[in-house]
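Below: the structure, in structure tokens.
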Amino acid sequence: MKKVLLVFCVIVGVANGDTYTSTYISCLNELNQCVEKYMAEAESHEKAVLFCGRRLRCYDNERMLEKQKSELAAKQAAQQEQARYTKCRNGDADACFDIGYEELSKCEEVDCNQTEALTYFSKSCNLKNKVGCFNTAVILEQNLFFKNPTKAQEYYRKSCNMGYEPACFKVK
């Protein structure tokens, strides 16, 4: 009987379309009150079921709201990422740099070869991003997979010539 009551309450809560929202803790408190009320008022089973349905709705609405927020955030992040790739393809040096930085940050947690980061830093450098040139040089100087000190020096020099002072200290 309790399972039937719970299912009915959930259905009533979801089917009712108002936008009752509260914090999760407040919702749990209301659910506890519902159980106490149901146990105390056995005279009207239907009234208790409706009461519980109203209270369970807050949990369902809160959960759906959180899910919608999460889905919206993921969708917006995907759109922003897509926009960044489009800007990079269209010659935006900063967008290419941002993609390179994002790829490099993935490598901090996992042992990777930094190919994507190098690709986008190099592209940003070719589009006149001085820090992109510097980061390209650092990867070429330090990465085991494509270690190339000569090429790294070229990128340090290019970065220095663009006015990025830390690169000037690396030029030999």
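For what it's worth, our numbering labels the leading residue of the sequence shown as 1492, then goes sequentially. Note that CB positions come from ideal geometry on N, CA and C, so glycine has one too.
For cysteine 1616, the uninterrupted alpha helix (DSSP H) segment begins and ends at 1606-1617.
The alpha-carbon separation between asparagine 1639 and glutamate 1632 amounts to approximately 6 angstroms. The shortest C-alpha to C-alpha distance from phenylalanine 1625 to any of Gln1567, Thr1577, Leu1563 and Tyr1646 is the one to Tyr1646. Note that the C-beta distance between alanine 1584 and asparagine 1620 is below 8 angstroms.
In the three-state DSSP reduction, glutamate 1632 falls in the helix class (H, G or I). Relative to alanine 1586, the option among Ser1613, Lys1560, Ala1658 and Ser1561 whose CA is nearest is Ser1613. Between leucine 1609 and isoleucine 1630, the C-beta spacing is below 8 angstroms.
Taking 8 angstroms as the upper bound for CB-CB distance, cysteine 1651 and alanine 1658 are in contact here, some 4 angstroms apart. For lysine 1597, the uninterrupted alpha helix (DSSP H) segment begins and ends at 1584-1598. Within the same chain, Cβ atoms closer than 6 angstroms to the Cβ of lysine 1661 are found at Tyr1647, the five residues on either side in sequence being excluded. An exposed status is given to alanine 1568, since fewer than 16 other beta-carbon atoms sit within 10 Å of its beta-carbon.
Straight-line measurement puts the Cα of threonine 1641 at about 49 angstroms from the Cα of lysine 1560. Excluding sequence positions up to five before and after glycine 1623, its CB lies within less than 6 angstroms of the CB of Phe1588, Phe1612, Ser1615 and Cys1616, all in the same chain and listed in chain order.
By the neighbour-count criterion, in which 16 or more other beta carbons inside 10 Å mark a residue as buried, leucine 1563 falls on the exposed side.
Across the set Arg1575, Arg1580 and Asn1634, the C-alpha of Asn1634 shows the shortest separation from the C-alpha of cysteine 1598.
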